[in-house]
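**Q** If you're matching them up, the sequences are chains A and B in order. Residues 1 to 454, numbered by my numbering, are exactly what the first sequence covers, in order. Residues 1001 to 1428, numbered by my numbering, are exactly what the second sequence covers, in order.
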Amino acid sequence: MAREQAFIPEKDLYANFQEVVPPLKPKEAIDEANRCLFCYDAPCIKACPTGIDIPSFIKKIATGNLYGSAKTIMESNPVGASCARVCPTSELCEGACVLNDASRPIRIGQLQRHATDWAIRNQAVLFQSGEPNGRKVAIVGAGPAGLSAARELARLGYEVTVYEAKEKAGGLNTYGIVSFRLPQEIPLWEAEQVESLGVCFRYGVKVGVDIPAQELVDRYDSVLLAVGMGPVPRLGIEGEDLEGVWEAISFIEDTKTKTLTTDLTGKKVAVIGAGNTAIDAATCSVRLGAEKVQIFYRRTQKEMTAYDFEYEFAKQDGVEFRWKVAPKRILGTGGKVTGLELIRMELGEPDEKGRRRPIPIPDSEFIVEVDYVIKAIGQERQLSLIDAFGLVHRNGVPVVEEGTYRTSRANVFAAGDCIFEVGKTDAMVVEAAEQGKRAAYAIHNALEEKHRSH
Amino acid sequence: MADLRIELAGIKSPNPFWLASAPPTNSGYQVMRAFEAGWGGAVWKTLTDEPIINVTSRFAALHYGSQRVVGFNNIELITDRPLDVNLKEMAEVKKRFPRHALIASLMVEPKREKWHEIVKAVESVGVDGLELNFGCPHGMAERGMGSAVGQHPDLVRQQTEWVKEVAETPVIVKLTPNITDIRFTARAAREGGADAISLINTINSLMGVDLDTWLPIPHVDGRGAHGGYCGPAVKPIALNMVAECARDPLVGIPISGIGGISTWRDAVEFLLMGASGVQVCTAAMHHGFRIVEDMIDGLNNYLDQKGITSVMDIVGKSVNTYSDWGNLNLNYKIVARINEEKCINCNKCHIACEDASHQCIDIIRDAQTDKLRVVVREEDCVGCNLCQIVCPVDGTIQMVEVPIGKPPLTWNQRQAALSANGSCSNEG
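(1) Check B/Gly1428 in the structure and name its three-state DSSP category.
(2) Please list, in chain order, the chain B residues whose beta carbon lies closer than 7 angstroms to that of A/Val98.
(3) Residues in its own chain within less than 6 angstroms of B/Gln1045 by CB, not counting five upstream and five downstream?
(4) So, does the segment 1129-1149 of chain B touch the segment 1175-1188 of chain B, judging by three or more C-beta pairs under 8 angstroms?
(5) Candidates A/Gly143, A/Ala281 and A/Ala446: which alpha carbon is nearest A/Thr404's?
(6) Using a Cβ-Cβ distance cut-off of 8 angstroms, determine whether B/Ser1357 contacts chain A.
(7) Of the residues A/Thr50, A/Ile186 and A/Ala42, which one's Cα is nearest the Cα of A/Lys59?
(8) What are the boundary residues of the beta strand (DSSP E) that includes A/Tyr40?
(9) Answer with buried or exposed for A/Val140, where buried requires no fewer than 16 other C-beta atoms within 10 angstroms of its C-beta.
(10) So what's B/His1063 in DSSP terms, helix, strand or just coil?
(11) To test your reading of the DSSP string, which unbroken alpha helix (DSSP H) runs of 4 or more residues are found completely within the segment 1334-1394 of chain B?
(12) Kindly indicate the opening and closing residues of the alpha helix (DSSP H) around B/Gly1298.
(13) Note down, in chain order, all residues in the segment 1065-1083 of chain B with a beta-carbon under 9 angstroms from any beta-carbon belonging to chain A.
(14) For B/Glu1007, does the three-state DSSP call read helix, strand or coil?
(15) On the three-state DSSP scale, how would you describe A/Leu385?
(16) Using 8 angstroms for Cβ pairs, my map puts B/Ala1104 next to B/Leu1130. What's the rounded Cβ distance?
(17) What residue range is occupied by the uninterrupted alpha helix (DSSP H) comprising B/Ile1118?
(18) Is there at least one Cβ from chain B nearer than 8 angstroms to A/Leu37's Cβ?
(19) Within this structure, are the beta carbons of B/Val1311 and B/Ile1006 separated by less than 8 angstroms?
(20) Check the Cβ-Cβ distances between B/Val1149 and every residue of chain A, and say whether any is below 8 angstroms.
(21) Do B/Val1166 and B/Lys1094 come within 8 angstroms of each other at the CB atom, strictly closer than that value?
(22) Cα-Cα, which of A/Glu28, A/Tyr203 and A/Leu92 is closest to A/Ile52?
(23) Is A/Ile374 near A/Phe251, with beta carbons less than 8 angstroms apart?
(24) What number of angstroms, rounded off, separates the C-alpha of B/Arg1290 from the C-alpha of B/Ala1356?
(25) Please determine, among B/Cys1391, B/Gly1395, B/Val1400 and B/Leu1372, the residue with the shortest C-alpha to C-alpha distance to B/Glu1378.
(26) Could you tell me whether the Cβ of A/Tyr40 comes closer than 8 angstroms to any Cβ of chain B?
(27) Using a cut-off of 8 angstroms between C-beta atoms, extract the partners of B/Pro1392 located in chain A.
(28) Assuming the contact rule is C-beta atoms closer than 8 angstroms, A/Ile386 and A/Gly396 should be a hit. Round their C-beta distance to whole Å, please.
(29) List, from N- to C-terminal side, the beta strand (DSSP E) runs of 3 residues or more that fit wholly inside the segment 335-402 of chain A.
(30) Could you tell me the distance, in whole angstroms, from the CA atom of A/Leu182 to the CA atom of B/Phe1017?
(31) Run through DSSP, which three-state label would A/Arg181 get?
(32) Against B/His1350, what residues of chain A qualify as contacts under a CB-to-CB distance less than 9 angstroms, listed in chain order?
(33) Specify whether the segment 1381-1399 of chain B and the segment 1335-1349 of chain B touch according to this definition: at least 3 beta carbon pairs, one from each stretch, less than 8 angstroms apart.
(34) Quick check: is the beta carbon of A/Asn122 nearer than 8 angstroms to any beta carbon in chain B?
(35) Once you ignore the five residues that flank B/Pro1496 on each side, which residues in its own chain have a CB closer than 8 angstroms to its CB?
(36) Applying the 10 Å Cβ sphere with the 16-neighbour rule, what's the burial state of A/Pro358?
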């Protein structure tokens, strides 16, 4: 994938951003569906955070009941079409498939995509809103958790309003996962499904800026905070403000929302970090024509948080990985990046999360020549918003009651990546969807209880 | 290398695999291609005096899961080519393949002189035998031929007699399965002088209904008709009928086995159950003539591995093990045993037993490993085999004999003993 030439025709750039995994061909899907054993009490169901009845949706593909199949998927997972593409299936459903021991696992993710693609193509109406119950819920954030909660609450008869700072729904699915893995039309279809239930979306509205947080608490019976996380934090090193220092999430967002840039053509790119977003930034860079793309990570392959298949994908794209190095200084001339000074690291004692702490090796600095530095070292917490609601939090993570997602404040709930803490749950789309569902039921239960006690 | 040559009622062929009378044996071109591919014999598509008219479409198939053509049916009739053309080509085939079995399938109006004429005509081109088509269930039956004859033992006997009056080559009578008891027509064929029987012809069937047009599958300009069912799905029915004839002393003539034979394994089963040779159609229609290569090779390797020198040595070897329910030992008991090493924990055995059998397979959480296991409560197991049947991994569930410490006792023996004791029992 890495390119030698300095000029790439624009149409080739766009071709590079087409979905890389081809869909199953119709016969392929039938063949694969027929391989499923239709296990009783199947382990794949338990391995799915949203508990999709996987054998059932697969059986429905085998009998030509694609409407029923898509409904089974979306019933359990309101963002099931996106998850079909971005779930780490080998760690979840496919990893649990009993056929791992006897043959090879069923391609559950691909079958899920086959069924949901059918629903998208056929504009299937899968769900109806419930009888209005006169109660109103505000949801802050239209990402996977917010959409999931909105869908369930609308089905229960709530009047739901979703406040979204961006122009479109879908959150990270729409803006933060590369197009060649998840094209925008997929999460946008999922949002349309929710919208078709009568959920009101207020786009471009920043809660806490355009509308006071307190107003939501006052105007609605309940508020659900599903705001995900914030921007990539600063590295805090010299040269960070030079032209050519980017942050991964906005960089990826630009490839999904703007005309593709030709700035990277033939250039050298350094990506700092080794999570899935770092991989996405690196593979985007390659696909934008960068000549050399290197990922720098202060730990080793063992500690990186990127999924194995993402890592393999990046290597196939020609991304180079440099382990046990940390950035020390970004060098530039005339205000533009020219190089990156790194220092070698070694791994010391495990930290509180069990990961071995990287320690700089004195006098091991070296410089690599680069034109761009892309930061992908995690995301900040949305502290100002959490403060605006006056929630008790731990390092920017709202404290929630286990199982109910209830925050320290009555009638304010929180779900999704904004309550993600390392070692507790995984920051996965599918996990956020499940939390959104559960938070919706918890809100419903709480309001029902309140209604009864009055 | 085992000797694969067979002899069926005096008809010799280099191996037991014949093409059945059907679309694949419609012309000399096809039969010669088949012989070149290795088929030992062919029963030419049924001849008659006046060519018939066919309709479109004619064929339909049953697909199950990803498996295509589990069953097949057709509403095609017998040959639609003039008799003299067929005869000329048959003579040519016989000249070029003198060692292969070439059989003429025949069907004419139920008139003595019509049978005499056609028998003389086909024997003049040098065929090795005749097969009387008393089986075709569609079209011709409405005209008083095919299964219209095969469903009446008297007509079978009478028309076989007419043929035998002039036939100089062996006469095989092909039977229809669309009757209550195949043995009655088989006996009638023998009484009429048949040298052998062949079975089964196709079974009455309606392949399907189109969910969008609501028309039968296949349909001819908006209407369908019952067709003849064949293919792998009919094999158990055919095998039973072959076995019933083979174990009936009143039948007592050689059998050419037909019905869903797709591999050498199927062929061995028919041979063991009393067929001296087999006829194949659907498998050849599905995959072409080349499938015979594995049929021959597989049969040969099977015989070699068993140390059997001639294929004729296995003919009928299983017939004496096939009997009536009343002769089965009531005191024989098997139970299911699950090999946990092989089990992949799909738990299909559990739910099959729970929903459809005797609720004796429990799912238990192992205290030590915290893993789920399926465990058979042997005392409640009735040995029905359902768990083994639904298990997707061969060899994981074994049905194990459990001695119950009683001598063998059949239901017939038990009833005899009970009546000898003067007691009265309605127990089944």
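We put the CB at the ideal spot given by N, CA and C, even for glycine.
**A** So, from the data block:
(1) In the second sequence, the residue the question calls residue 1428 of chain B occupies position 428. For B/Gly1428, the predicted structure reports a pLDDT of 43, less than 50, and the residue's modelled location is therefore unreliable. A value from the coordinates is still provided. In the structure shown, B/Gly1428 sits in coil (DSSP, three-state: anything other than H, G, I, E or B).
(2) As a working mapping, residue 98 of chain A is identified with position 98 in the first sequence. What A/Val98 touches in chain B: Ile1344, Asn1345 and Cys1346.
(3) Your numbering for residue 1045 of chain B matches position 45 in the second sequence. First, the residue type needs correcting, since residue 1045 of chain B is Lys and not Gln in the sequence shown. Around B/Lys1045: Ser1021, Thr1025, Asn1026 and Thr1079.
(4) yes
(5) For this step, residue 404 of chain A is matched to residue 404 along the first sequence. Comparing Cα positions, the closest option is A/Ala446.
(6) Looking up residue 1357 of chain B in the second sequence gives position 357. Not one chain A Cβ lies under 8 angstroms of B/Ser1357.
(7) For the purposes of this step, residue 59 of chain A is taken as residue 59 along the first sequence, with counting starting at 1. Of the candidates A/Thr50, A/Ile186 and A/Ala42, the one whose C-alpha sits nearest the C-alpha of A/Lys59 is A/Ala42.
(8) For this step, residue 40 of chain A is matched to residue 40 along the first sequence. Run containing A/Tyr40: none; DSSP gives neither H nor E here.
(9) Reading the first sequence from its first residue, position 140 is the one you call residue 140 of chain A. Under this definition A/Val140 is a buried residue.
(10) Here residue 1063 of chain B refers to the residue found at position 63 of the second sequence. Three-state DSSP puts B/His1063 in a strand.
(11) 1348-1356 and 1386-1390
(12) On the second sequence, residue 1298 of chain B is found 298 positions in, with the first residue counted as 1. Where B/Gly1298 is concerned, the enclosing alpha helix (DSSP H) stretches over Val1292 to Lys1306.
(13) Gly1065, Ser1066 and Gln1067
(14) In the second sequence, the residue the question calls residue 1007 of chain B occupies position 7. Three-state result, B/Glu1007: strand.
(15) Along the first sequence, read from residue 1 onward, the residue named residue 385 of chain A stands at position 385. Note: A/Leu385 maps to helix in three-state DSSP.
(16) Mapped onto the second sequence, residue 1104 of chain B falls at position 104. Mapped onto the second sequence, residue 1130 of chain B falls at position 130. Contact flag correct, Cβ pair sits at about 5 angstroms.
(17) As a first step, residue 1118 of chain B is located in the second sequence; it is residue number 118 there, counting from the start. Residues Arg1112 to Glu1123.
(18) Numbered from its first residue, the first sequence carries residue 37 of chain A at position 37. Answer yes: the Cβ-Cβ gap between A/Leu37 and chain B drops below 8 angstroms somewhere.
(19) What you label residue 1311 of chain B is simply residue 311 of the second sequence in a count that begins at 1. What you label residue 1006 of chain B is simply residue 6 of the second sequence in a count that begins at 1. Yes, they are a contact pair.
(20) Against the second sequence, residue 1149 of chain B aligns to sequence position 149. So no, B/Val1149 is outside the interface.
(21) On the second sequence, position 94 is the one that residue 1094 of chain B refers to. On the second sequence, position 166 is the one that residue 1166 of chain B refers to. No; because the gap between Cβ atoms is not below 8 angstroms, this pair is not in contact.
(22) By one-based count along the first sequence, residue 52 of chain A stands at place 52. Selected option, being the one with the closest Cα: A/Leu92.
(23) Here residue 374 of chain A is taken as the residue at index 374 of the first sequence, counted from 1. Here residue 251 of chain A is taken as the residue at index 251 of the first sequence, counted from 1. Yes, they are a contact pair.
(24) In the second sequence, residue 1290 of chain B corresponds to position 290, counting from 1. In the second sequence, residue 1356 of chain B corresponds to position 356, counting from 1. About 42 angstroms.
(25) The sequence position of residue 1378 of chain B within the second sequence is 378, counting from 1. When only C-alpha atoms are compared, the closest one is B/Val1400.
(26) Sequence index remark: in the first sequence, residue 40 of chain A carries index 40 (1-based). Output row for A/Tyr40: interface = yes.
(27) Numbered from 1 along the second sequence, position 392 holds the residue referred to as residue 1392 of chain B. Per Cβ cutoff of 8 angstroms: Leu37 and Ala102.
(28) Within the first sequence, numbered from 1, the residue matching residue 386 of chain A stands at position 386. Within the first sequence, numbered from 1, the residue matching residue 396 of chain A stands at position 396. The Cβ separation is near 7 angstroms, so the contact holds.
(29) 336-350, 356-360, 366-369 and 372-375
(30) Locating residue 182 of chain A in the first sequence gives position 182, where the first residue counts as 1. Locating residue 1017 of chain B in the second sequence gives position 17, where the first residue counts as 1. Distance between the alpha carbons of A/Leu182 and B/Phe1017 is about 56 angstroms.
(31) Sequence index remark: in the first sequence, residue 181 of chain A carries index 181 (1-based). It is coil, neither helix nor strand.
(32) Along the second sequence, one-based indexing puts residue 1350 of chain B at 350. Those within 9 angstroms of B/His1350 in chain A are Tyr40 and Asp41.
(33) yes
(34) Numbered from its first residue, the first sequence carries residue 122 of chain A at position 122. No - not a single Cβ of chain B is within 8 angstroms of the one on A/Asn122.
(35) Since the first and last residues shown for chain B are 1001 and 1428, residue 1496 of chain B lies out of range.
(36) Start at 1 with the first residue of the first sequence, and residue 358 of chain A comes out as number 358. Classification of A/Pro358: buried, given that the 10 Å Cβ count is 16 or more.
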